[in-house]
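Before any comments, here is the structure.
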Amino acid sequence: MNPGAYCRICVISLVIVQTFSMLGTSLLKAQRWNQFRGPSGSGISHARSLPTQWSDKENIIWKTPIHDRGWSSPIIASEKVWLTTASESGHQLYVMSVSLKTGAVIQDTLLFNVTDPQYAHKFNSYASPTPVADEKNVYITFGSPGTACLNSATGKTLWTRDDIECNHFRGAGSSPILYKDLLIMNFDGSDHQFVIALDKHSGKTKWKTKRSIDYMDLGPDGKPEAGGDWRKAFSTPHIASFNEIPTLLSIGSKALYAYHPATGEELWRTESRIGHSASTRPTVTSNMIFYCTGFSKGEIWAVRPGGKGNVTASHVAWTFKRSVSNKPSLVSKKNRLFMIHDGGVASCLDSSNGTTIWQERIGGNYSASPLLWNDLIYFFSEEGKTTIIEANDAFKMVATNELDSGFMASPAVADDSLILRTKSHLMKISD
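In our numbering, the protein residues as written are 103 to 533.
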C-alpha cells in the first residue's frame, strides 16, 4: 500500500471514530433522566452498567443532605441533579441543584412563600411533584402553590405562575411533562379537576380541559360526598403515539382519558369507577395501555387505544385485582408486567391477558416506582431496602441492599450510576 493511500485510510478511520464518539455522547445526553421515570417515562434504563451492591459504606460516590422534606424524584439537566423540597409546614417551597460529579450543592432557591398552605397528608409532602427538563430549562411545580421555569445552566428563574388553583385535599402529587412547546400538568382536586397546558417559554395558558366524567358522588344536599375526596387524583400524564397519532394519556379519578396533546381535545376515555386517588403513571406498549385505578380495591386495567367517547365497553382488554399497586407505577418488559404493591408483594403478569405468572412477598412498604435495567428490576422500600430481582418468569432475588434512610422518591440514572433520594439525603451510587 502506498503512503498516500495509507494516510487517507487513517484519516477516514479517525473521522469514523470521532463521528461515532460524538454520536455516542449525543445519544447519552439525549437519554438524560429528565423527568419522572426517565426519558421515556417508563422507568427503564439503557445504561451500560449499573451497581447491584451498595451500603452506607460501599459504592457511595457522594452523599448530600437535603434540608426539610420532599418526595420529588431527582432528574438530570446541565450536569446537575435537580429536586425540590419544602418546609414541614408548607410555607416555604425550594428548588435545589447539586453537581452530578461531586454532589456539591449549586443552588438552593426559595421559589414560593405560601401564606396559607393546603393540608398535606402525612404520607405526602409539600414538594412531591418531580421536575421535568428540556435542553435549556427545568420546569418545576408544587401544584396549586406555584409553577416555575428556570434556566438549567444559570439557575435563573424565567417565569412563575401561582394562579392555577385546585384543592389538592391531601397535597399535590402529579408531575409535569413536556410535549413540544407545551408544559402539561394534571390538576385533580376535590373542587376542580382539569388538565392544563402552558407555553413552556412564557408560562401562559395554551389550553385547559375539564374532566368530563360524571363522578356520581353528590349527596342529598347536592354537594360532593366526603368533601370531594373521591374526585382527587395524583397521577402523572404520559405522551404516547398510536398509529402515528400523538396521544396524551391522563389518569384522573375513576377514569383514564386520552387527549390530543396540542389542543386538549378529549379523544376517548375509559370509566373504571373503582378505587380513588389514582397515583401511578400509565404504562404503555405498542398496542396496550395499563393503569392502576387507585386505592380501596384498586385494579389494573388493560386498555386498547382508540375509539371515541366512552370506550369502556369496547376497549378494556382485561382487569386484574390481586395485590395491585396504589402508588408505585408498573414496569413492562416484552409481554410481561412487573409491579410492587405498597405492602411489599411483587408480581409478574402476562400483559396479553392479565394472568399471574408469579407473586412473591419481598417485605417492606413502597411508594417509589421500580426501575428496569437489562434483565433486572430494582424495588426501593420506604425503610431503605433495595431488592433486586430478575425480570423473568421465575422469581429470583439477585441482591438486597440496605441504607439507613428510606425511599419515597423514585430513582434516577446518570451514565452508569444510580441517583437515589432517601428521606434525608441525595446520593450517587456506582461500582
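Note that beta-carbon positions come from the ideal geometry of N, C-alpha and C, so glycine has one too.
With 16 as the cutoff for other CB atoms within 10 Å, does residue i come out buried or exposed?
i: Gly172; result: buried
i: Ala357; result: buried
i: Arg463; result: exposed
i: Lys429; result: buried
i: Arg424; result: exposed
i: Leu439; result: buried
i: Ile347; result: exposed
i: Met287; result: buried
i: Tyr221; result: exposed
i: Ser304; result: exposed
i: Gln295; result: buried
i: Thr457; result: exposed
i: Pro322; result: exposed
i: His443; result: buried
i: Gly324; result: exposed
i: Glu368; result: buried
i: Cys223; result: Per the sequence presented here, residue 223 reads as His, with Cys not at that position. By the 10 Å Cβ count, His223 comes out exposed.
i: Thr365; result: exposed
i: Ala511; result: buried
i: Gly445; result: exposed
By the DSSP assignment, the alpha helix (DSSP H) with residue i in it spans what residues?
i: Ser449; result: First-last for Ser449: Val447 to Asp452, but that is the beta strand (DSSP E), not the alpha helix (DSSP H).
i: Thr414; result: Thr414 to His417
How many angstroms separate the CA atom of residue i from the CA atom of residue j?
i: Gly145; j: Leu474; result: 6 Å
i: Tyr359; j: Ile163; result: 42 Å
i: Ala149; j: Glu485; result: 26 Å
i: Val183; j: Leu202; result: 6 Å
i: Asp533; j: Ser374; result: 44 Å
i: Glu401; j: Lys159; result: 40 Å
i: Ala415; j: Phe344; result: 20 Å
i: Ala516; j: Tyr480; result: 16 Å
i: Trp460; j: Ala493; result: 11 Å
i: Asp290; j: Asp170; result: 26 Å
i: Pro363; j: Lys306; result: 16 Å
i: Gly396; j: Pro167; result: 32 Å
i: His527; j: Thr382; result: 24 Å
i: Ala261; j: Gln155; result: Inspection of the sequence shows that residue 261 is occupied by Trp rather than by Ala. Distance between the alpha carbons of Trp261 and Gln155: 42 Å.
i: Ser123; j: Val447; result: For Ser123, the pLDDT reaches just 38, beneath the cut-off of 50, and the residue's location in the model is therefore unreliable, although a value from the coordinates is still provided. Answer to the nearest angstrom: the Cα atoms are 43 Å apart.
i: Arg313; j: Pro141; result: 27 Å
i: Asn455; j: Trp420; result: 6 Å
i: Arg134; j: Thr211; result: 23 Å
i: Val216; j: Ser453; result: 44 Å
i: Gly508; j: Gly409; result: 43 Å
Tell me, please, which residues DSSP counts as bridged to residue i.
i: Leu202; result: Answer is none; Leu202 lacks a bridge partner.
i: Gln461; result: Ser449
i: Gln194; result: Asn215
i: His527; result: Pro167
i: Glu368; result: Tyr361
i: Thr259; result: Leu252
i: Gln209; result: Ser199
i: Thr311; result: Val297
If we call anything under 7 Å between Cβ atoms a contact, is residue i one with residue j?
i: Lys302; j: Leu285; result: yes
i: Ser174; j: Ser254; result: no
i: Thr385; j: Val418; result: no
i: Leu252; j: Thr259; result: yes
i: Ser337; j: Ala380; result: yes
i: Leu213; j: Val234; result: no
i: Asn269; j: Ile531; result: no
i: Asp495; j: Ser151; result: no
i: Ser292; j: Arg263; result: no
Where does the unbroken beta strand (DSSP E) through residue i begin, and where does it stop?
i: His340; result: His340 to Phe344
i: Met441; result: Arg438 to Ile442
i: Ala149; result: It is not in any beta strand (DSSP E) - Ala149 carries neither H nor E in the DSSP assignment.
i: Ser469; result: Run containing Ser469: none; DSSP gives neither H nor E here.
i: Arg375; result: Note, Arg375: premise wrong, no beta strand (DSSP E); not H, not E.
i: Lys182; result: Lys182 to Ala188
i: Tyr480; result: Leu478 to Phe482
i: Gln295; result: Gln295 to Asp301
i: Thr154; result: Per DSSP, Thr154 belongs to no beta strand (DSSP E) and is neither H nor E.
i: Cys268; result: Unbroken run through Cys268: none, as it is neither H nor E.
Using a Cβ cut-off of 7 Å (strictly closer), state whether residue i contacts chain C.
i: Cys394; result: Any reference to chain C falls outside this structure, which holds one protein chain only.
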